Amino acid sequence: MKKYLFFLLLAIYSHGYAQVDVGKSPLQEARQEITQQQPVTIPINLKQINKNQIYPVEFPCLNIKFVFFNGQELFATSLQKKLSTLADNIIGQCLGDEGVKNFLTKVNYVFINAGYVTTKISLPEQSFMYGILRIELIPGLISDIRYADTGKSHYSLHTAFPQATILNVQDIEQGLENLQNSPSTQPQITVDDDPTTANSSILTIKRQKKRAIRGRFSLDNSGLRDHANLMIDNVLMFDNPTLLNDFFYFYISRDLDTDHSRGVKIGTFFYSLPFRNWQFNLSGNYQDQYSADGIKTSVGNLYKSNRSKSLTAQGQYLIKRRYNSKTYLNFGTSIMTNNGYIGDYEISVYKRRATYWNVGLKHQQYLPRGELNLAMEYKQGADWFGAMPSPAKELKRPQIFQFSAAINQPWQISKQIFLYEASAAIQLSRSKLDSLIVTNGIGGSNSVRVAMLTNTISGSNSLLIKNEISWLTPLPGHVLYATLDYGSVSEDRARFWRDEYLVGTSLGLKGSYKQLDYTIFVGFPLLNSSDSKQDHMVSGFRLTYSY
Numbered sequence: 001m002k003k004y005l006f007f008l009l010l011a012i013y014s015h016g017y018a019q020v021d022v023g024k025s026p027l028q029e030a031r032q033e034i035t036q037q038q039p040v041t042i043p044i045n046l047k048q049i050n051k052n053q054i055y056p057v058e059f060p061c062l063n064i065k066f067v068f069f070n071g072q073e074l075f076a077t078s079l080q081k082k083l084s085t086l087a088d089n090i091i092g093q094c095l096g097d098e099g100v101k102n103f104l105t106k107v108n109y110v111f112i113n114a115g116y117v118t119t120k121i122s123l124p125e126q127s128f129m130y131g132i133l134r135i136e137l138i139p140g141l142i143s144d145i146r147y148a149d150t151g152k153s154h155y156s157l158h159t160a161f162p163q164a165t166i167l168n169v170q171d172i173e174q175g176l177e178n179l180q181n182s183p184s185t186q187p188q189i190t191v192d193d194d195p196t197t198a199n200s201s202i203l204t205i206k207r208q209k210k211r212a213i214r215g216r217f218s219l220d221n222s223g224l225r226d227h228a229n230l231m232i233d234n235v236l237m238f239d240n241p242t243l244l245n246d247f248f249y250f251y252i253s254r255d256l257d258t259d260h261s262r263g264v265k266i267g268t269f270f271y272s273l274p275f276r277n278w279q280f281n282l283s284g285n286y287q288d289q290y291s292a293d294g295i296k297t298s299v300g301n302l303y304k305s306n307r308s309k310s311l312t313a314q315g316q317y318l319i320k321r322r323y324n325s326k327t328y329l330n331f332g333t334s335i336m337t338n339n340g341y342i343g344d345y346e347i348s349v350y351k352r353r354a355t356y357w358n359v360g361l362k363h364q365q366y367l368p369r370g371e372l373n374l375a376m377e378y379k380q381g382a383d384w385f386g387a388m389p390s391p392a393k394e395l396k397r398p399q400i401f402q403f404s405a406a407i408n409q410p411w412q413i414s415k416q417i418f419l420y421e422a423s424a425a426i427q428l429s430r431s432k433l434d435s436l437i438v439t440n441g442i443g444g445s446n447s448v449r450v451a452m453l454t455n456t457i458s459g460s461n462s463l464l465i466k467n468e469i470s471w472l473t474p475l476p477g478h479v480l481y482a483t484l485d486y487g488s489v490s491e492d493r494a495r496f497w498r499d500e501y502l503v504g505t506s507l508g509l510k511g512s513y514k515q516l517d518y519t520i521f522v523g524f525p526l527l528n529s530s531d532s533k534q535d536h537m538v539s540g541f542r543l544t545y546s547y
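The numbers in the UniProt record's numbering rise by one with no breaks, and the one at position 127 of the sequence shown is 127.
This is the structure:
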């Protein structure tokens, strides 16, 4: 009699449970989170669910012999494997009402963690005659993706969002990041129920602009003293020029020194195009450095100049995305050229044309407070595109390993907000590298900051550690900061961290007022090797006007 009563209770329970939308509450939270800009995460507290929960001993109970998930073939293979693992854990166990509820909670956890927050999980009416537990999976679908201002879909949305009919928050996050590749559009996504289709949602994208042109004009005196004391540059940026969520900018810079015995000219372009889980970048650079420290003649000094060019094509693919992390595969190729001149005469020993290919991994981890980024890359020389390496016999084909890590963490002391940022980068080479192409040097804003070297030290192997602590002052938009950096280079791979080194620190203030941004700083070298000579104290500024 008790056995029949138990089956009757399960039938009543399963009929009632089928009416419960397990994904409703997480969806409401996810909708709020999707409308935010950065970072985009799923607000699920995973600690609320105990993965190792022991099912309670109940009587009457059902001896589970097989678990069947109806509709699991609609989901990814990785998700099906997780469901199979869950099912294996209860095979042979005797579950009562609470045990079945606990199992369904775990199943729901798997779907939420995978991003399927609108998928419903139900226990349909069934006989339980042979120990078979049947669970119905009702996928939440995407019926349409449209812009709010037009009420229609657009090809730019089909290239931004991964192709999928089942709603997944991770796919929506990826689509939002692709839309944000054009910053001025400022996209926001809302998820609404489709009134015409059951278990379906409509994604609506609100944007500030379809496309935009922006610019920045800057004055900067923090460059290396070998080239210039004062630089002027202009950046022209095009957001979404082809309506494919793309981005393009062109950068030009030159010195403003009144002493024309030296100078530098720089030109750079960059183009970025996202496509679902892919992103493609194309960039180029031109740099011309010159000085009058050449050959003295009866009519004056002949200028000595060095001109370098590079063209780089890069691809990036999203391998895996979770609620708190992303992992990418990077690959690409680059061409670098170098030419040296004295007057109008080219010096053949300075002529280079090098080609490289690279492959690497990048991992981004969202922490409870802050963010961690890890990357590693392998770079190798190639004989493509008419490569013409150095004539020096001791230089072999480059094989370079690069590793980097960066972390930022905010914290609060007595209502004052601080931010700590740290990074470390290592380059190791199997052999000596061509100093005109790929070696790293100490000094400049991209290395040990505020280190104005009178002679730049470079090497095939390098280590760079940077630390910065910032205080967000009570005055909005203004930040006080302090830095401590360490840089070292060496031709010996075993001594990359201590051969030629420099330690520097700086104090500065940066902020903004309307369209004007500024940075002022003063810096001091603390410790250095004998070959890395530098000033005892340096100061500098950077003013930027956005238009």
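We put the beta carbon where it would ideally sit given N, CA and C, even for glycine.
A quick note: this is a predicted structure, and the numbers were derived from the prediction, not measured.
* 6 Å CB neighbourhood of K265 in its chain, flanking five on each side removed -> For K265, where only same-chain residues beyond five positions count, the Cβ hits under 6 Å are R254, D288.
* **Rounded C-alpha distance that separates E33 from L176** => Interpretation of E33 is limited by its pLDDT of 42, a score under 50 that renders its predicted location unreliable; the figure taken from the coordinates is listed afterwards. About 12 Å.
* How many Å lie between S78 and T85 at the Cα? -> 11 Å
* Ignore the nearest five residues each way along the sequence and tell me which others in R498's own chain have a CB closer than 7 Å to its CB. => S488
* Enumerate in chain order the residues of its own chain whose CB-to-CB distance from Q409 is below 6 Å, with the five nearest sequence positions on each side excluded. => Cβ-Cβ distances below 6 Å link Q409 to R369, G370, Y420 in the same chain, with the five nearest sequence neighbours on each side left out; the list follows chain order.
* Burial state of I135, where buried means 16 or more other Cβ atoms lie within 10 Å -> buried
* Alpha-carbon to alpha-carbon, S200 and I121 -> 15 Å
* To do: Please name the residue, chosen from F521, H536, I520, T519, that lies closest to L527 on a Cα-to-Cα basis.
  => H536
* Beta-carbon proximity list for S512, same chain, < 6 Å, skipping 5 on both sides -> So the list reads G477, once near-sequence residues are dropped.
* **Best match in N338, R146, L230 for proximity to Y286 [C-alpha to C-alpha]** => N338
* **Nonlocal neighbours in the same chain, by C-beta distance under 6 Å from L516, ignoring five residues either side** => Y545
* Out of L472, A482, R495, point me to the one whose CA is closest to G459's CA. => Considering only L472, A482, R495, the residue with the shortest C-alpha distance to G459 is R495.
* Mind reading off the beta-carbon distance from G115 to N181? Whole number of angstroms is fine, and I expect it under 8 Å. => No, G115 and N181 are not in contact; Cβ-Cβ is about 21 Å, not under 8 Å.
* Asked: Do I142 and L157 have their CB atoms nearer than 7 Å?
  -> no
* Asked: Who are H363's beta bridge partners in DSSP?
  -> T327, L374
* When the cut-off is 7 Å and only beta carbons count, does P187 lie next to chain D? -> No chain D is present in this structure, which holds just one protein chain.
* **Of the listed residues Y147, A212, L230, nearest to T190 (C-alpha basis)** => Y147
* Can you give me the Cβ contacts of N277 inside the same chain, cut-off strictly under 8 Å, excluding the 5 residues immediately before and after it? => P162, Q174, Y317, L318
* **Between the CA atoms of I202 and D192 - distance to the nearest angstrom** => CA-to-CA, the gap between D192 and I202 works out to about 5 Å.
* Give the straight-line distance between the Cα atoms of N229 and G540, rounded to the nearest whole angstrom. => Taking the straight line from one Cα to the other gives about 10 Å.
* Can you check whether the CB of Q170 is closer than 7 Å to the CB of R321? -> yes
* Asked: Which one of I442, A313, Y130, P195 has the shortest CA to CA distance from L62?
  -> Y130
* Asked: Where in the stretch 63-91 do unbroken runs of the alpha helix (DSSP H), each at least 4 residues long, occur, reported from the N-terminal end onward?
  -> 77-90
* Who are the near neighbours of N467 in its chain, counting only those whose CB is closer than 6 Å to its CB and skipping five residues on each side? -> A422, L484
* **Assigned exposure category for I138 - 16 Cβ within 10 Å defines buried** => buried
* Grouping DSSP H, G and I as helix and E and B as strand, with all else coil, what is K396? -> coil
* **Cβ neighbours of A313 in the same chain (closer than 7 Å, five flanking residues each side left out)** => L282, G332, T333
* **Spatial neighbours of A382 in its chain, beta-carbon cut-off 6 Å, leaving aside the 5 residues before and after** => Here the set comprises T355, W357.
* Indicate whether L509 and L543 have their beta-carbon atoms separated by less than 7 Å. => no
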